[in-house]
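In the numbering used here, the protein residues as written are 785 to 1160. Cβ atoms here follow ideal geometry from the backbone N, Cα and C, with glycine treated the same way.
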Amino acid sequence: MTEESAEKETRETEFVKQLREKEEQALDLQRRLSEMDQQLSEKNDEKQTLLRQLTEMEQRSREETAEIEMKEIGFHEQLRERELEMREIRQQLTEKEQQEENLRTQLRMQLGQQHEQLREREEQPANVRMQLEEQESLRTDFQHQFEEIEAENANLRQQVDNLQNKLGTQSHDWVISRDDIQLTGKSLGVGGWGEVFEGKYCGCFVAVKRIHEEINSPYNQSLFQREIDIASRCRHPCLLQFIGATNDEEIPFSSNVLLWRQDGQWRGKVSDYGSAKFEEQFMYMSIGPWCFAFSAPEVQRPANQTAKIDVYSFGVLLCEMCIQTFPDYQNREHQIALVTDRVLQDLVRQCLRSDPSEGPDITEIVSRLEQFNETL
């Protein structure tokens, strides 16, 4: 019994020892497994790092490839441009060479002709001397004729100066006395040249114009005197009758269009016709003191002026009379639309065309107004 117990204890001791060894082996295996897991994790991290680095390298490689491709495209484009430039230069060079060849040919031909002419002249020296003598004789004759014409021109200029001096000393038959004009103090209107007042002359009511002080220069006075000279010779039912003028600085002189009442109706009469342009005596004019609102656009370009500038001014005046509002060149289209009569509105539009050649002439305007008057 004792031996069995001892043997049993011995086996248990060995079993416990083996079990402890197994446990140690298991712990050792578990430790080794943990180490291997740690190594595997580190390897995975290294793998991810390598993959990330590989991705970055691929991205950089793609970007570098794209940049290289763009540079290649730019290089090829520059190369094509250079080839085109070279082709154009070659073409120009070819043309220049052709021109030079043509010039050489022309020079050879001209030299040949000159040599031929020189040979002919050398063969005919007598004819050349004769021609030179004839040319010298013609030059002498022309010189004599020129001197005679110069003498005649000097004589004519002297005659013109004498006539102008005589005309300058003559008094104008339209000059009237300052004492014969009485002013009522009533202003009838203001124009580009001056202001118009109501006055009395020999018991009759008259319109009296005075030049603005701002434009009262010797040049403008000469223009105004020209107007008076022409006005004193004109007679027409549609023209305001000119009576006279005075040189007194305190008296106003003879607005562009005045209204005259007859049988209960108002009729427009033109008073500024003295400075109008007739077809036979048309003159270009520079910017003057007239009202800009009535002036045609081409009045600022003297080289483009024609008689149609008066047609434009008449269209502005007709529009003003129809709407009874002073013209505004910045609001021209709106003012034209206010003309109620379609016939007159159409006439105004035609007179105010931007191209003067498309507008009517004065004869056509008069004819259309007469037809319009018959319909009233």
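In this structure, residue 1026 places its C-beta atom within 7 Å of the C-beta atom of residue 1015. For residue 1097, the number of other beta carbons within 10 angstroms of its own is at least 16, and it is reported as buried. With a threshold of 16 other beta carbon atoms within 10 Å, residue 1011 meets it and is buried. Between residue 1128 and residue 968, the alpha-carbon positions lie close to 36 Å from each other. By the criterion of at least three beta-carbon pairs nearer than 8 Å, the segment 1140-1159 is not in contact with the segment 1108-1121. Looking at the DSSP output, residue 982 bridges to 991. Residue environment: residue 1131 is assigned as buried (16 or more neighbouring CB atoms within 10 Å of its CB, all protein chains considered). Straight across, the Cα-Cα distance linking residue 881 with residue 859 is about 32 Å.
Residue 1029 and residue 1123 do not touch by the CB rule: their CB atoms are close to 36 Å apart, not below 8 Å. The distance from the Cβ of residue 997 to that of residue 989 is about 26 Å, inconsistent with a contact at the 8 Å cut-off. For residue 1125, same chain residues with a beta-carbon under 8 Å away, outside a window of 5 residues either side, are 1106 in chain order. In this structure, the beta-carbon distance from residue 1080 to residue 1093 falls below 7 Å.
If you draw a straight line from the Cα of residue 812 to the Cα of residue 824, it is about 18 Å long. Going by C-alpha positions, residue 1120 is about 27 Å away from residue 980. Taking the C-beta atoms as reference points, residue 1153 is found no nearer than 7 Å to residue 1099.
For residue 1029, DSSP records a beta bridge to 959. Using a Cβ distance threshold of 7 Å, residue 1013 and residue 985 do not count as a contacting pair.
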